[in-house]
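J.: Just so we're aligned, residue 3 is where the sequence shown starts under this note's numbering, counting upward by one. Beta carbons are placed, not taken as given, at the ideal position from N, Cα and C, and that holds for glycine. Every value quoted in this text rests on a predicted model; they were computed, and no experiment measured them.
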Amino acid sequence: MNYDKLVLSAMAAREKAYVPYSKFKVGAALLTDEGKIYGGFNIECAAYSVCNCAERTALFRAIYDGYRNFSAIAVVGGVEAEEDELSSYCPPCGMCRQALREFCNPDKMKIILAKSVTDFKIFTLSDMLPESFGPDNLGK
Ligand SMILES: [Zn+2]
3 MNYDKLVLSA MAAREKAYVP YSKFKVGAAL LTDEGKIYGG FNIECAAYSV CNCAERTALF
63 RAIYDGYRNF SAIAVVGGVE AEEDELSSYC PPCGMCRQAL REFCNPDKMK IILAKSVTDF
123 KIFTLSDMLP ESFGPDNLGK
């Protein structure tokens, strides 16, 4: 599968990040099984503990709209000055991995870490969250 559109959507979302403190901008683009893309960006607050990551912003937007099944998410991130070419990949934090686990088949969900549309790595959620706890552990 070609993930160019998903990576470009993550890059566009990153531009909207609200990061007045860290200046570390992250964008994510989540692909539903129906083919719809939801963008998200990180949101910082002066009280740091209530900040929200780009991945969960995208996920919660999609959940709100009624989507429950996802096949891929692209994530881009870096300091604000890195507008054209990011210097490193930006993997999802543990909380975001666990939140994705609630709604995604961990063996099928693709996580695309991108610096650009031509420089990216693809993982599964199982790669990033092995032996995970999920709805099946509670009989769902
Ligand atoms: Zn996160």
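Buried or exposed for V52, going by 16 or more other Cβ atoms inside 10 Å?
T.: Locating residue 52 in the sequence shown gives position 50, where the first residue counts as 1. Exposed is the call here.
J.: Thinking K25 and V81 are a contact (beta carbons under 8 Å), I'd like their distance in whole angstroms, please.
T.: As a first step, residue 25 is located in the sequence shown; it is residue number 23 there, counting from the start. As a first step, residue 81 is located in the sequence shown; it is residue number 79 there, counting from the start. Contact holds; Cβ gap of about 6 Å.
J.: Quick one: what does DSSP say Y40 is sitting in, helix, strand or coil?
T.: By 1-based counting over the sequence shown, the position of residue 40 is 38. Y40: strand per DSSP, three-state reduction.
J.: Near C98, what residues of its chain come up, given a Cβ to Cβ distance below 6 Å and the 5 sequence neighbours on each side ignored?
T.: The residue you call residue 98 lines up with position 96 of the sequence shown. Contacts found: C55, E57, R58.
J.: Would you report the Cα separation of Q100 and S134, rounded to the nearest angstrom?
T.: Taking the sequence shown and counting its residues from 1, one reaches residue 100 at position 98. Taking the sequence shown and counting its residues from 1, one reaches residue 134 at position 132. The straight-line gap from Cα to Cα measures roughly 8 Å.
J.: For ligand 1, enumerate in chain order all residues having a CB closer than 7 Å to any of its heavy atoms.
T.: Working through the chain, the matches are C55, E57, R58, P94, C95, M97, C98.
J.: Let me confirm a value: R143 is counted as buried when at least 16 other C-beta atoms fall within 10 Å, else exposed. Which label applies?
T.: It is not possible to answer for residue 143, since the shown part of the chain is limited to 3 through 142.
J.: Going by DSSP, what residues sit across from I75 in a beta bridge?
T.: Translated into positions along the sequence shown, residue 75 becomes position 73. DSSP lists L32, I113 as partners of I75.
J.: Could you check whether G41 and R63 sit closer than 9 Å to each other, using their CB atoms as the reference points?
T.: Numbered from its first residue, the sequence shown carries residue 63 at position 61. Numbered from its first residue, the sequence shown carries residue 41 at position 39. Contact flag set, yes.
J.: Exposed or buried, which one is L127 when buried takes at least 16 other CB atoms within 10 Å?
T.: What you label residue 127 is simply residue 125 of the sequence shown in a count that begins at 1. Classification of L127: buried, given that the 10 Å Cβ count is 16 or more.
J.: Consult DSSP for F105 and reduce its assignment to one of helix, strand or coil.
T.: As a first step, residue 105 must be located in the sequence shown, where it is residue number 103. In this structure, F105 counts as helix in the three-state DSSP scheme.
J.: For the alpha helix (DSSP H) holding F62, just list the boundary residues, first then last.
T.: Indexing the sequence shown from 1 puts residue 62 at position 60. Residues 56–66.
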